[in-house]
Structures are given as C-alpha cells and as structure tokens.
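Asker:
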Amino acid sequence: MEAESDAENIEADLALGELIDQHENTDWGKVPGISAAEAGAWTARLIEARETVQEGL
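Going by the working numbering, the first residue of the sequence shown is number 7, and it counts up by one from there.
(1) For Glu24, tell me which candidate among Gly35, Asp12, Ile53 and Ala47 has the shortest Cα-Cα distance.
(2) Would you identify the three-state DSSP class for Ile26, choosing helix, strand or coil?
(3) Starting from the C-beta of Ala59, find all residues in its chain whose C-beta is less than 6 Å away, skip the five residues before and the five after it, and write them out in chain order.
(4) Which residues in the same chain as Ala42 place their Cβ atom closer than 6 Å to its Cβ, once the five residues preceding and following it in sequence are excluded?
(5) Keeping to the same chain, check which residues put their C-beta closer than 8 Å to that of Ile40; ignore five residues upstream and five downstream.
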C-alpha cells in the first residue's frame with residue numbers, strides 16, 4: 007500500500023510541477039477577467055500544494 011501511495015505522490019508532484027510551469031509561463035494580461043494578483047495567488051497555492059506533496063515523498 008505504501009508503494010502505491012509513493013507512486014501517487016510522485017505522479018502528483020510531477021503533475022503539479024508541470025501545472026506550475028504552465029501557470030508561470032501564461033501571459034495573464036491576455037486573459038480577460040484575471041488580474042495579475044489573482045494569478046499570483048493561484049501560483050502560490052499550487053506551489054504550497056506541491057510542497058505538501060513533496061513532504062510525503
């Protein structure tokens with residue numbers, strides 16, 4: 007069971023890393039209705055989520 011959990015955490019870590027990269031590379035100025043501050047807050051939450059996942063690795 008632990009190996010499965012580790013595999014899921016690794017998969018989540020990789021997925022979150024990819025999402026964070028895409029999020030940071032998005033030109034939020036071209037996205038209607040999303041402020042830079044809001045996008046920054048989302049990125050911060052994603053980074054926190056990834057750190058939480060990494061604690062479980």
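For each residue, glycine too, the CB sits at the ideal point set by N, CA and C.
Answerer: Taking the definition as stated:
(1) Ile53
(2) helix
(3) According to the sequence shown, residue 59 is Val rather than Ala. The answer, listed in chain order, is Asn15, Ala18 and Asp19.
(4) Trp34
(5) Trp34
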